[in-house]
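Protein chains in written order, with this note's numbering: chain A, 1090 to 1222; chain B, 75 to 221.
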Amino acid sequence: MATTIASIDINSTDLVSDKLSISSVTTLTGAGNSTGLIQTGGLGRKKLASGHAEYTLFDGDAYGDGAHKIYLKNTSSAAAEHFTIKINAEQMGKLYAGDWAFFPWEANADTNDIKIDPSHDDMVLEYMIFIDE
Amino acid sequence: MATTATISLASADISGDGLAITNAATLMKAGTTSEMVQTTGLAKKTITGNTVGTPVPLVLSAASNGGAAKVYIANKSEDPTEYINVTIGTSSGQEIGRLYAGDWLFMPWTQTDANADILVDASVTTGITLEYMVIHEVAANNVGINL
């Protein structure tokens, strides 16, 4: 069993009049148990031309149901450059320059692919999956 | 000043090389270097048993907004068997994944249309408490927390 910790800190001194400081920490475990996830795809990087519309980053068919976790980061520093993230046919959101995302992925259907679509040529996405199998 | 979201992923033993990723993002409006200045505030809600298998809207979308927004949701349960299903899209019911006890997510959200709500349902009838927040640039009345 491995121990992998994912933590988030959201901070602002001026978003609202009371200082904002949210912190949450979780240990990545399997679905419905306390066993640490032991598999990962490793930290990867992918450069995509804009012609790579809806590039399948993670194929739902390749993973079983589980408490997988996905990490994505747009490495661009140009504000207008974004990746559109879709799950199956549903758009989740746009990851702008420097943004990151971390979310669970159950892959409970073969069609539940995670797809990315770069807004500009030669954008680079950093990504990682923690696998529950 | 600005609003920042920082993630840390750390493990000494998930691979032979370990893992130590830290990234900080400053939350900006779509395609700009202007800070996002609106938020729903940090909300806390117990998802009751009658949502088992029946997702209910947690955050409401609006038609074709398309602006940048970030969604934070945390499952505050301490029972490892308890989870909430997080789905997006009232029509499609597209499941994103399950947040188990203690888990959190932080994701972008574009609200492509009025059906792009974020919905949740609980795995148990005894209820699961969530904390959640949206930081956004959406025009007035376009993002709301479903109470």
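Here a beta-carbon is modelled for each residue, glycine too, at the ideal position from N, C-alpha and C.
Computed from a prediction, not measured in an experiment: that's the story for all the values here.
- Here the C-alpha atom of F1147 of chain A lies approximately 5 Å from the C-alpha atom of I1203 of chain A.
- For the pair P182 of chain B and L1132 of chain A, the CB atoms are not nearer than the 8 Å cut-off.
- In the DSSP assignment, G1182 of chain A falls within the beta strand (DSSP E) that extends over 1179 to 1185.
- In the DSSP assignment, D1221 of chain A falls outside any beta strand (DSSP E), carrying neither H nor E.
- Per DSSP, L116 of chain B is not a residue of any beta strand (DSSP E), being assigned neither H nor E.
- Ranking B:L204, B:G163, B:T199, B:A79 by CA distance to the CA of T184 of chain B puts B:G163 first.
- As computed with DSSP, A98 of chain B is found in a beta bridge with B:T80.
- When secondary structure is reduced to three states using DSSP, D1150 of chain A falls in the helix class.
- Interface with chain A (8 Å Cβ-Cβ cutoff): V111 of chain B is included.
- For T1145 of chain A, not one C-beta of chain B is nearer than 8 Å to its own C-beta.
- Counting C-beta pairs with one atom in each stretch, the region 1116 to 1128 of chain A and the region 168 to 176 of chain B have three or more that are closer than 8 Å, which means they touch.
- At a Cβ-Cβ threshold of 8 Å, E1179 of chain A and Q168 of chain B count as neighbours.
- Taken atom to atom, the span from the alpha-carbon of I1174 of chain A to that of I1159 of chain A is near 12 Å.
- Ranked by how close their Cα comes to the Cα of L101 of chain B, the residues A:S1101, A:D1206, A:Y1152 have A:S1101 in first place.
- Scanning B:P154, B:K118, B:S166 for the CA closest to the CA of D187 of chain B turns up B:S166.
- The Cβ neighbour count for M1090 of chain A, taken over all protein chains shown within 10 Å, is under 16; the residue is labelled exposed.
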